[in-house]
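Okay, so here's the structure we're looking at.
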Amino acid sequence: MSLTKLSHGHSLQFPSIILVLHVLDEADRLLNDDFEKAIDEILSVIPRERKTYLFSATMTKKVRKLQRACLRNPVKIEVASKYSTVDTLKQQYRFVPAKYKECYLVYILTELSGSTTMVFTRTCDATRLLALLLRNLGLRAIPISGHMSQAKRLGALNKFKAGECNMLICTDVASRGLDIPSVDMVINYDIPSNSKVRLASF
1 MSLTKLSHGH SLQFPSIILV LHVLDEADRL LNDDFEKAID EILSVIPRER
51 KTYLFSATMT KKVRKLQRAC LRNPVKIEVA SKYSTVDTLK QQYRFVPAKY
101 KECYLVYILT ELSGSTTMVF TRTCDATRLL ALLLRNLGLR AIPISGHMSQ
151 AKRLGALNKF KAGECNMLIC TDVASRGLDI PSVDMVINYD IPSNSKVRLA
201 SF
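Those letters in the sequence shown? Residues 1 to 202, by UniProt numbering.
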């Protein structure tokens with residue numbers, strides 16, 4: 001059963017198996033609003049006698065909380081390389097009154113309509129509503145978030161990569177681990193809680 005189904009209230013049932021390894025990849029993202037309850041439920045039913053591997057690109061307070069909840073006598077391995085962005089990445093910011101946020105975003109996307117763009121929002125609802133707004137204005141936008149099934153997320157991603165849609169409206173679920181060859185512009189429509197999370201792929 002997927003985390004998406006668990007996060008929508010489906011009950012968790014495990015067959016009678018022996019769990020040897022428990023792997024949590026992208027742990028900093030698993031503890032967002034989409035998956036936190038599902039993770040708690042999984043941890044409550046799996047055997048305590050197991051080996052758990054927890055991987056994270058950033059060490060946040062939530063990751064430390066998860067570490068305390070699911071690890072006993074943990075061994076920490078940290079990559080020593082300093083965090084950096086690629087040389088070709090140009091970053092800019094704009095101060096815009098909140099009430100004009102949508103208008104300014106539409107202006108930017110319209111002016112650069114031929115570009116491939118990823119727009120990051122903080123919540124799944126914001127992603128869905130923003131994609132709907134942009135599509136109603138004739139822009140080729142498609143959402144991707146943790147509330148979508150894996151099949152729908154992959155479908156949206158494939159449309160973006162194939163050029164059927166040139167605007168991907170997404171939550172942090174799309175910030176790492178996706179194979180996107182080239183993106184012209186990334187817009188943080190909402191300020192990220194951790195800036196390194198969204199820059200990790202660029």
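Every residue gets a Cβ at the ideal spot worked out from N, C-alpha and C, and that includes glycine.
C-alpha distance - residue i paired with residue j, whole-angstrom precision
i    : j    : result
K51  : K62  : 20 angstroms
L132 : V75  : 46 angstroms
L21  : I42  : 13 angstroms
S113 : M167 : 9 angstroms
D40  : D190 : 27 angstroms
G155 : C170 : 14 angstroms
L130 : A141 : 9 angstroms
T110 : G138 : 10 angstroms
V106 : A98  : 14 angstroms
R135 : C124 : 17 angstroms
N188 : K37  : 26 angstroms
Buried or exposed by the 16-neighbour rule on C-beta atoms within 10 Å, applied to residue i
i           : result
T117        : buried
K94         : Lys is not the amino acid found at residue 94; the sequence shown has Arg there. Under this definition R94 is an exposed residue.
G146        : buried
N158        : exposed
G143        : The sequence shown places Pro at residue 143, not Gly. Result: buried.
T88         : exposed
T127        : buried
residue 204 : Look at the range of the chain in this structure, 1 to 202, and you will see that residue 204 is not part of it.
Start-to-end residues for the beta strand (DSSP E) that takes in residue i
i    : result
Y104 : Note, Y104: premise wrong, no beta strand (DSSP E); alpha helix (DSSP H) at 101-111.
L24  : 21-24
Y53  : 51-54
I187 : 185-188
F120 : 117-120
Start and end residues, alpha helix (DSSP H) containing residue i
i           : result
C170        : Element bounds for C170: not the alpha helix (DSSP H) but the beta strand (DSSP E), 167-170.
residue 213 : Residue 213 lies beyond the range of the chain shown here (1 to 202); nothing can be said about it.
Three-state secondary structure (DSSP) of residue i
i    : result
N136 : helix
A27  : helix
T60  : coil
L89  : coil
V45  : helix
I77  : coil
I144 : strand
T127 : helix
I39  : helix
R68  : helix
Validate contact between the segment 180-188 and the segment 117-129 using beta carbons, cut 8 angstroms, 3 pairs: Cβ pair count under 8 angstroms is three or more, so yes.
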